[in-house]
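J.:
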Amino acid sequence: TASIDRLEDAVNGVRRQIESGGKVFWVCPLVEESETIDVAAATARHGALQQRFGDRVGLLHGKMTGKEKDSVMARFEGKAEPELDVLVATTVIEVGVDVPHATVMIIEHSERFGLSQLHQLRGRIGRGSRDATCLLLYGHDAGKTARERLRVLRDTDDGFTIAEQDLRLRGAGDVLG
Numbered sequence: 126t127a128s129i130d131r132l133e134d135a136v137n138g139v140r141r142q143i144e145s146g147g148k149v150f151w152v153c154p155l156v157e158e159s160e161t162i163d164v165a166a167a168t169a170r171h172g173a174l175q176q177r178f179g180d181r182v183g184l185l186h187g188k189m190t191g192k193e194k195d196s197v198m199a200r201f202e203g204k205a206e207p208e209l210d211v212l213v214a215t216t217v218i219e220v221g222v223d224v225p226h227a228t229v230m231i232i233e234h235s236e237r238f239g240l241s242q243l244h245q246l247r248g249r250i251g252r253g254s255r256d257a258t259c260l261l262l263y264g265h266d267a268g269k270t271a272r273e274r275l276r277v278l279r280d281t282d283d284g285f286t287i288a289e290q291d292l293r294l295r296g297a298g299d300v301l302g
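Following the working numbering, the numbering of the sequence shown begins with 126 at its first residue and continues without gaps.
(1) Which of the three DSSP states, helix, strand or coil, is assigned to A227?
(2) With the cut-off set at 8 Å, would you say L243 and A127 are in Cβ contact?
(3) Go ahead and label G183 buried or exposed: buried means 16 or more other beta carbons lie within 10 angstroms of its beta carbon, across all protein chains shown.
(4) Is L292 helix, strand or coil by DSSP?
(5) Can V217 and G187 be called in contact, C-beta distance under 8 Å?
(6) In the structure shown, what three-state DSSP assignment does V222 receive?
(7) Go through its chain and collect everything with a Cβ distance to P225's Cβ below 7 Å, but skip five positions before and after it.
(8) Let me know the secondary structure DSSP gives T168 once reduced to three states.
(9) What did DSSP end up calling I250 once you bin it into helix, strand or coil?
(10) Whole angstroms are fine: how far does the CA of S235 sit from the CA of T258?
(11) Here's the rule: buried if 16 or more other CB atoms are within 10 angstroms of the residue's CB, otherwise exposed. What is F285?
(12) Quick one: give me the first and last residue of the alpha helix (DSSP H) that G191 is part of.
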């Protein structure tokens with residue numbers, strides 16, 4: 126975990142991964158910028174990373190058509206040209222994505238995600254023979270509970286333990302509500 130203030134360090138880490146042949150997921154909580162909340166938007170992050178790394182950066186979000194999503198994923202998986210090294214995405218990659226060469230995931234404003242969702246996202250990397258790293262960037266307004274969620278995810282990769290901690294932090298809920 127790291128503060129959003131370390132964003133430039135994360136971008137430099139992306140460069141190192143690309144140079145070593147790794148692929149990087151960069152997850153953002155929104156598709157487009159919002160005037161009401163100050164969090165990263167996938168389209169804005171895609172533009173910023175494209176300025177640094179050129180056309181090797183792709184964008185994937187839920188507002189795209191199925192055909193567009195398939196085309197971007199094929200390029201990120203190395204099955205189509207021109208190939209992508211970085212995929213900026215929303216949570217559409219949470220399940221059903223298997224890219225063995227993906228070695229790094231950066232989740233921007235990770236405090237906005239739940240424990241189960243973060244665990245699912247993190248499971249998209251480390252599927253090949255190389256070690257993988259998931260960097261959880263949190264914003265300045267991350268509260269006590271959000272920081273506790275991130276601590277749990279940092280300390281364990283056991284899904285059962287994560288589910289127990291999620292129940293502890295959120296409570297059991299209400300059947301009718």
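A virtual CB, placed ideally from N, CA and C, is assigned to each residue, including glycine.
T.: In brief:
(1) As a working note, residue 227 is residue 102 in the sequence shown. Under the three-state reduction of DSSP output, A227 falls in the strand class.
(2) Numbered from 1 along the sequence shown, position 118 holds the residue referred to as residue 243. Numbered from 1 along the sequence shown, position 2 holds the residue referred to as residue 127. The Cβ atoms of L243 and A127 lie no closer than 8 Å to each other.
(3) Locating residue 183 in the sequence shown gives position 58, counting from the first residue. By the Cβ-count criterion, G183 is buried, with 16 or more other Cβ atoms from all chains shown falling within 10 Å of its own Cβ.
(4) Along the sequence shown, read from residue 1 onward, the residue named residue 292 stands at position 167. Look at L292 here: in three-state DSSP terms it is helix.
(5) Looking up residue 217 in the sequence shown gives position 92. Looking up residue 187 in the sequence shown gives position 62. Contact flag set, yes.
(6) Counted from its first residue, the sequence shown places residue 222 at position 97. Coil.
(7) Stepping through the sequence shown from its first residue, residue 225 is reached at position 100. Leaving aside the five residues that flank P225 on each side, the residues in its chain whose CB is nearer than 7 Å to its CB run, in chain order, R252 and G253.
(8) Along the sequence shown, read from residue 1 onward, the residue named residue 168 stands at position 43. Assignment of T168 by DSSP, reduced to helix, strand and coil, places it in the helix class.
(9) On the sequence shown, position 125 is the one that residue 250 refers to. For I250, the three-state secondary structure derived from DSSP is coil.
(10) In the sequence shown, counting from the first residue as 1, residue 258 sits at position 133. In the sequence shown, counting from the first residue as 1, residue 235 sits at position 110. Between T258 and S235, the C-alpha separation is close to 15 Å.
(11) In the sequence shown, counting from the first residue as 1, residue 285 sits at position 160. For F285, the number of other beta carbons within 10 angstroms of its own is below 16, and it is reported as exposed.
(12) For the purposes of this step, residue 191 is taken as residue 66 along the sequence shown, with counting starting at 1. It spans G191 to F201 - the alpha helix (DSSP H) in which G191 sits, taken as one unbroken run.
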